[in-house]
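These notes are about the structure you will find just below.
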Amino acid sequence: MMSEAILSVKDLKTHFDVTKGLFAKKQIVKAVDGVTFDVMENETFGLVGESGCGKSTLGRTIVKLYDPVSGNIEFNGKDISKIKGKELKNFRKDMQMIFQDPYASLNPRMTVGEIIKEPMIIHNIYDTDEEREERVVELLKIVGLKPDHIRRYPAEFSGGQRQRIGIARALAVNPKFIVCDEPISALDVSIQAQVINLLKNIQKEMGLSYLFIAHDLSMVKHISDKIGVMYLGHMMECGPSNDVYHRPLHPYTVALLSAIPIPDPDIAKAKNRIVLEGEIPSPINPPKGCAFCTRCSKASERCYNETPQPIQVGNRQVSCFLYEK
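To convert a position in the sequence shown, counted from 1, into our numbering, add 551.
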């Protein structure tokens with residue numbers, strides 16, 4: 552039996568007006584520009600791409616930290632793209648976020664217990680402070696920390712431990728969906744695998760769905776059921792993790808995968824590394840046609856003039872004219 556989509560994003564656009572001065576020419580940053588994808592129940596959707604491609608903006612738009620200019624975000628079958636007030640507060644209980652920087656996302660003046668208890672107080676979960684404290688201790692054990700850490704401050708912990716506190720805070724309101732915004736990029740490599748495994752175990756035990764945002768395609772493959780590849784605000788390719796990783800279709804995905812380091816020097820020498828020339832175009836002034844045309848070795852004249860629409864190729868979607876029948 553197939554699971555249903557817990558999150559459906561359709562043609563989502565998030566733009567920012569960065570015009571400076573009253574009489575200056577209007578400048579709009581098209582951070583997310585027409586993205587469509589689904590996340591199923593109990594599934595992890597991995598989102599990858601270079602810095603500045605719009606991954607984090609997309610994640611923050613989905614959790615309603617930013618407002619989209621157009622498009623739809625359906626969560627549990629309900630359009631939440633324009634909700635406000637009480638509806639927004641109820642939505643926040645069901646969808647939480649783990650932030651990239653565990654140093655900046657925790658209040659240094661609050662103890663670990665106060666940090667994790669705060670969402671419970673805001674959403675009126677549990678009747679007494681004793682019940683909340685019991686839940687905090689339980690959450691600390693779930694994320695691999697000790698009960699006596701409840702009285703300590705964030706400055707007394709390592710980066711990996713702080714990220715575990717951030718995970719415990721996200722779990723405090725019993726959400727159904729968590730947006731993980733590059734939760735391992737600020738951590739040591741030795742700690743990254745521990746946090747990934749922790750997230751996978753929590754997902755299995757609690758039946759959660761994740762949107763997992765990261766740079767590292769190999770790490771995303773390890774945790775994700777499906778992968779979406781973003782470039783300059785557009786979704787270039789989207790499909791099952793193994794297929795995208797082992798048989799990439801879009802030229803940008805091929806280039807990203809060729810850049811993954813290989814520990815065996817002999818295999819690494821034989822590998823055909825694709826070096827993308829030029830810089831990512833400005834999202835203020837993106838190319839007229841395909842967003843990737845200025846750096847693509849297979850670009851044709853059509854790519855410079857027309858924007859490719861997502862094409863179904865087997866069990867995935869790819870935005871590239873090369874796959875038109």
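Ideal Cβ positions, reconstructed from N, Cα and C, are used throughout, including at glycine.
The structure presented is a predicted model; accordingly, all values stated were derived computationally and were not measured.
Nearest candidate by alpha-carbon position, reference residue i, set the options
i, options, result
"Tyr-654", "Ala-556, Leu-738, Lys-640, Leu-762", "Leu-738"
"Asn-836", "Val-580, Met-787, Asp-568, Lys-615", "Val-580"
"Gly-790", "Tyr-782, Leu-783, Leu-800", "Leu-800"
"Ser-656", "Pro-734, Asp-630, Asn-675", "Pro-734"
"Asn-725", "Cys-847, Pro-705, Gly-758", "Gly-758"
"Asp-584", "Arg-703, Ala-842, Lys-629", "Ala-842"
"Gln-868", "Ala-721, Asn-748, Thr-587", "Thr-587"
"Gln-863", "Pro-670, Glu-875, His-773", "Glu-875"
"Lys-644", "Arg-686, Met-591, Ile-672", "Ile-672"
"Asp-699", "Lys-772, Val-687, Ala-706", "Val-687"
"Lys-637", "His-674, Glu-830, Gly-572", "His-674"
"Ile-613", "Ser-870, Leu-563, Asn-748", "Leu-563"
"Val-690", "Glu-592, Ala-706, Arg-715, Val-599", "Position check: residue 690 holds Leu in this sequence, whereas Val was assumed. Nearest C-alpha to Leu-690: Arg-715."
"Arg-611", "Cys-871, Arg-798, Lys-849, Val-730", "Val-730"
"Asp-630", "Ser-559, Phe-763, Phe-574", "Ser-559"
"Cys-844", "Pro-802, His-773, Asp-776, Gly-603", "Pro-802"
"Pro-832", "Ser-792, Gly-603, Phe-872", "Gly-603"
"Ser-775", "Glu-756, Ile-747, Arg-798", "Ile-747"
"Glu-857", "Pro-838, His-797, Arg-846", "Pro-838"
"Ser-792", "Ser-809, Leu-807, His-773", "His-773"
"Gly-711", "Phe-728, Leu-807, Leu-750, Leu-762", "Leu-750"
Helix, strand or coil at residue i [DSSP, three-state]
i, result
"Leu-558", "strand"
"Gln-499", "Any question about residue 499 goes unanswered here, given that the chain covers just 552 to 876."
"Ser-809", "helix"
"Val-663", "helix"
"Tyr-761", "strand"
"Gly-711", "helix"
"Glu-830", "coil"
"Cys-789", "strand"
"Met-552", "Its pLDDT being 41, under 50, Met-552 is placed unreliably by the model, and the measurement read from it follows with that caveat. Three-state DSSP puts Met-552 in coil, outside helix and strand."
"Asp-794", "helix"
"Val-771", "helix"
"Val-724", "coil"
"Glu-875", "coil"
"Pro-837", "coil"
"Ile-673", "helix"
"Glu-756", "helix"
"Phe-642", "helix"
"Ala-737", "coil"
"Ala-655", "coil"
"Ile-716", "helix"
"Cys-847", "coil"
"Glu-852", "helix"
"Glu-857", "coil"
"Pro-799", "coil"
"Leu-573", "coil"
"Ala-842", "coil"
"Ile-742", "helix"
"Ile-747", "helix"
Beta bridge counterpart(s) of residue i as assigned by DSSP
i, result
"Leu-563", "Val-586"
"Gly-779", "Leu-598, Cys-789"
"Val-869", "Glu-788, Ile-862"
"Val-730", "Met-648, Leu-762"
"Asp-568", "Ile-579"
Closer than 7 angstroms: residue i CB and nearest the ligand HEM heavy atom
i, result
"Arg-643", "Here there are no bound small molecules, and the ligand HEM is not part of this structure."
Curious, which full-length beta strand (DSSP E) runs of at least 3 residues does the segment 579-637 contain?
579-591, 595-599, 621-626
Whole alpha helix (DSSP H) runs in the segment 676-709 with 4 or more residues, listed along the chain?
680-693
Taking three-plus beta-carbon pairs below 8 angstroms as touching, is the segment 681-690 in contact with the segment 614-621?
no
Measuring CB atoms only, is the segment 603-614 touching the segment 642-657, in the sense that at least three cross pairs come out at less than 8 angstroms?
yes
Cβ pair count under 8 angstroms reaching 3, the segment 740-749 against the segment 766-784:
yes
Three-pair Cβ contact test at 8 angstroms for the segment 778-790 versus the segment 710-722
no
Contact between the segment 704-712 and the segment 657-665: three or more CB pairs below 8 angstroms?
yes
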